[in-house]
Amino acid sequence: MRSLILIMFFFAMSCSPKKEITNEVNLYSQRHYTVDEIQYKNFEELTGIKVNVVKANADELIERLKNEGKNSPADLFITVDAGKLFHAREQGLLQKVSSEILNINVASDLRDPDGYWTPITYRARILVYSKDRVSKEDLSTYEDLSNPKWKNKILVRSSSNAYNQALMSSLVANLGYDKAKEWSSGLVANFARDPKGSDRDQVRAIAAGQGDIAIVNSYYIGILLSSEKESDLNAGKSVGVFFPNQGEGRGSHINVSAIGLTNNSPNKENAIRLMEYLTSPEAQEVYVNNSYEYPVNKLVQPSEIVKKWGEFKVDKLNLNSLGEYRSDAIKIFDSTGWQ
Ligand code: FE
1142 MRSLILIMFF FAMSCSPKKE ITNEVNLYSQ RHYTVDEIQY KNFEELTGIK VNVVKANADE
1202 LIERLKNEGK NSPADLFITV DAGKLFHARE QGLLQKVSSE ILNINVASDL RDPDGYWTPI
1262 TYRARILVYS KDRVSKEDLS TYEDLSNPKW KNKILVRSSS NAYNQALMSS LVANLGYDKA
1322 KEWSSGLVAN FARDPKGSDR DQVRAIAAGQ GDIAIVNSYY IGILLSSEKE SDLNAGKSVG
1382 VFFPNQGEGR GSHINVSAIG LTNNSPNKEN AIRLMEYLTS PEAQEVYVNN SYEYPVNKLV
1442 QPSEIVKKWG EFKVDKLNLN SLGEYRSDAI KIFDSTGWQ
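Going by the working numbering, the first residue of the sequence shown is number 1142, and it counts up by one from there.
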């Protein structure tokens, strides 16, 4: 009798195409770090759930989710920018997640107040400076970088980059459009060269004497300082790390790498399980020691390299503002000549 029920059960399963149980989870990811492959392999070994990844930039992935609609195989959308998750949510592409485990794993001050995305790491957009040519005492805020005293000293990548767009969005949110625009004009006037290259290239340019101060994401310094390539290691060593807007200030600008559950997720349980795994102490250790990002789980410490820079005050801006003010940020870049 029992085996008959079992047979009927499996027959019912195989006849019902909609209820097909898959042992996989499908990610659309903007992240470009090798640590992710380690994480997904560990998760597969632990759970038997296969992780399939499609990588592209965030806007392309949002377009793809929109075009695929209800037929999208994607369960999770991962970005390195809360602003892009805000846009995905605005277009109805995400759903809220409620999970006790996520509530335990993720520090409450880093969560989406609206519940549509879950951070897996965070990073600060900091200043690095030539230890030979700049004294730390002369640095203070992002705003101060537009001071004419830094003429021909500032290095930063192009404004088409999401990290700069998020930083500018935070300035619009904190200072207002006009002040942010004024800042941008002053900063552009201080550029050491036309924006080009990656964040790491700005550090390499300081080492080569092409400029003195660069705006970069914190983890890239960790990557350079742990590099096996001597020139990169030396570039990392040639700069000091500075967290702007400390003391009485509002804190340094941060952004999260975060995950949203798609509205049509076909493997929702597996997807939530992966979110829970990536925020667990075990996986957070893997992030901090491989990508040098900051952990969202308070049980985990940053890597030894990152810890040496000390703790810093974080700008508590609601990170959804980084999406809300994105079009203003782009307008400012265009009107002030930040290429
Ligand atoms: Fe990056």
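Think of the CB as a built atom: it goes at the ideal place given N, C-alpha and C, for glycine as much as any other residue.
Any non-hydrogen atom of the ligand GDP closer than 7 Å to N1358 Cβ: Although the ligand GDP was asked about, the structure shown includes only the ligand FE as ligands.
C-beta contact flag for D1222 and A1307 at 8 Å: yes
Cβ contact (3+ pairs, closer than 8 Å) linking the segment 1426-1434 and the segment 1270-1278: no
Span of the beta strand (DSSP E) around N1396: I1395 to T1403
V1221: CB within 7 Å of a non-hydrogen atom of the ligand FE: yes
Beta-carbon gap between E1417 and L1235 smaller than 8 Å: no
Closest Cα partner of G1363 within the set A1470, G1401, W1291 and E1445: E1445
Beta-carbon proximity check, N1386 vs Y1304, cutoff 8 Å: no
Selection from N1315, S1213, N1396 and I1267 that minimises the alpha carbon distance to D1469: N1315
Distance CB(S1311)-CB(T1477) smaller than 8 Å: no
Ranges of the alpha helix (DSSP H) found wholly within the segment 1304-1363, counting only runs of at least 4: 1318-1330 and 1340-1348
Distance between R1264 and N1461 (C-alpha atoms, nearest Å): N1461 and R1264 have their C-alpha atoms spaced approximately 16 Å apart.
Run of the alpha helix (DSSP H) containing F1184, from where it starts to where it stops: V1176 to T1188
Own chain partners of H1394 with C-beta closer than 6 Å, once the 5 adjacent residues on each side are dropped: R1266, L1308, S1311 and D1456
Identity of the residues DSSP links to F1481 by a beta bridge: For the chain, the structure presents residues 1142 to 1480; residue 1481 sits outside this window and is missing.
Cut-off 6 Å between Cβ atoms - residues of its own chain near P1482, not counting five sequence neighbours on either side: Lying before the first or after the last residue shown, residue 1482 is absent from the chain, which here runs from 1142 to 1480.
Nearest-angstrom Cβ-Cβ length linking T1259 and A1399, presumed shorter than 8 Å: 6 Å
Any beta strand (DSSP E) of 3 or more consecutive residues that is wholly inside the segment 1221-1296: 1259-1271
Distance, L1296 Cα to A1499 Cα: Residue 1499 falls outside the range modelled here, since the chain spans only 1142 to 1480, and no answer is possible.
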